[in-house]
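Engineer:
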Amino acid sequence: MKVIVATGNAGKMREFKRILEPLGFAVTSMKEEGISLPIEETGATFAENARIKALAVHTHTGEAVVADDSGISVDALDGRPGVYSARYGGEDLPHPEKIKLLLSELRDVPPERRGAHYTCAICFVLPDGRILDFEAVCEGHVGYETRGANGFGYDPIFYIGERSFAEYTDAEKDAISHRGKALRQMAATVERMLADGSIALSR
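So the mapping is simple: my numbering equals the position in the sequence shown, first residue as 1, plus 25.
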């Protein structure tokens with residue numbers, strides 16, 4: 026079951042491969058497929074942006090494509106940065122600086138008001154153009170400092186309990202993360218559809 030992942034994010038690509046390959050998917054990247062497309066994420070929601078990316082690559086290739094849009098939403102910031110997580114503070118601002126910016130905005134916010142959640146919206150476009158959408162969240166809070174060397178994005182400041190996501194092992198993170206949950210939803214749905222003959226991803 027070949028599926029192209031519509032992302033240029035190396036961290037996300039590692040997670041897609043790590044989670045989907047054991048479930049029976051042959052996961053390949055846009056880079057591996059020689060695909061270079063300008064894709065503008067103009068959606069107002071994670072789901073809309075995931076669909077924009079997946080459809081752009083599917084239209085170009087005619088293959089099965091999966092895309093996600095994800096980000097962190099902080100309660101004390103009225104849900105920001107949300108869909109703008111990757112562009113927070115400017116598209117060219119390095120992630121360590123984005124984290125510094127977020128921590129500076131929460132400098133005087135007490136622990137009980139630092140709740141946050143990650144959201145992951147997945148769009149899976151089948152070879153025949155049918156679209157499957159999935160979404161999952163992971164609840165946590167924003168810490169006061171960066172910790173850990175694993176993960177990517179805002180993981181060093183997103184805590185569940187006493188540990189940041191960047192301190193979790195890959196297996197621990199995949200078991201509870203927003204992306205892990207959404208991709209397992211997708212895999213379960215595809216498995217059911219393959220079993221009843223409503224889809225066949227092999228050509």
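Here a beta-carbon is modelled for each residue, glycine too, at the ideal position from N, C-alpha and C.
Since the model is a prediction, treat every value here as computed from it, not as a measurement.
When the Cα atoms are used, what is the spatial distance from residue 208 to residue 133?
Structural biologist: Taking the sequence shown and counting its residues from 1, one reaches residue 208 at position 183. Taking the sequence shown and counting its residues from 1, one reaches residue 133 at position 108. Approximately 36 Å, taken between the alpha carbons.
Engineer: Out of 125, 30, 103 and 136, which one is the CA nearest neighbour of residue 76?
Structural biologist: On the sequence shown, position 51 is the one that residue 76 refers to. For the residues 125, 30, 103 and 136, the minimum Cα distance to residue 76 belongs to 30.
Engineer: Taking Cβ to Cβ, would you say residue 139 is nearer than 8 Å to residue 120?
Structural biologist: The sequence position of residue 139 within the sequence shown is 114, counting from 1. The sequence position of residue 120 within the sequence shown is 95, counting from 1. No, the pair does not count as a contact, with Cβ atoms beyond the cut-off.
Engineer: For residue 128 and residue 78, what's the separation of their Cα atoms in angstroms?
Structural biologist: On the sequence shown, position 103 is the one that residue 128 refers to. On the sequence shown, position 53 is the one that residue 78 refers to. Their Cα atoms are separated by approximately 30 Å.
Engineer: Would you mind working out which of 47, 111 and 60 sits nearest residue 74, comparing C-alpha positions?
Structural biologist: Counting from one through the sequence shown, the residue named residue 74 turns up at place 49. Closest option to residue 74, Cα to Cα, is 111.
Engineer: Would you tell me roughly how many angstroms separate the C-alpha atoms of residue 149 and residue 170, rounded to the nearest one?
Structural biologist: The residue given as residue 149 occupies position 124 in the sequence shown. The residue given as residue 170 occupies position 145 in the sequence shown. So the alpha carbons of these two residues sit roughly 36 Å apart.
Engineer: Rounding to the nearest angstrom, what Cα-Cα distance links residue 113 and residue 186 in this structure?
Structural biologist: For the purposes of this step, residue 113 is taken as residue 88 along the sequence shown, with counting starting at 1. For the purposes of this step, residue 186 is taken as residue 161 along the sequence shown, with counting starting at 1. Distance between residue 113 and residue 186, taken at the CA atoms: about 25 Å.
Engineer: Which full runs of the beta strand (DSSP E) of 3+ residues lie inside the region 111-170, going along the chain?
Structural biologist: 140-150 and 156-167
Engineer: Going by DSSP, which residues form a beta bridge with residue 27?
Structural biologist: In the sequence shown, residue 27 corresponds to position 2, counting from 1. DSSP lists 51 as partners of residue 27.
Engineer: Taking only three categories from DSSP, how would you classify residue 188?
Structural biologist: In the sequence shown, counting from the first residue as 1, residue 188 sits at position 163. Three-state DSSP puts residue 188 in a strand.
Engineer: Flag this pair as yes or no: are the beta carbons of residue 160 and residue 72 separated by less than 8 Å?
Structural biologist: The residue labelled residue 160 in the question sits at position 135 within the sequence shown. The residue labelled residue 72 in the question sits at position 47 within the sequence shown. Contact: yes.
Engineer: Is the beta carbon of residue 177 sitting closer than 8 Å to the one on residue 183?
Structural biologist: Numbered from 1 along the sequence shown, position 152 holds the residue referred to as residue 177. Numbered from 1 along the sequence shown, position 158 holds the residue referred to as residue 183. Against a cut-off of 8 Å, the Cβ pair of residue 183 and residue 177 comes out as no contact.
Engineer: From residue 109 to residue 126, what distance separates their C-alpha atoms?
Structural biologist: The residue you call residue 109 lines up with position 84 of the sequence shown. The residue you call residue 126 lines up with position 101 of the sequence shown. Taking the straight line from one Cα to the other gives about 13 Å.
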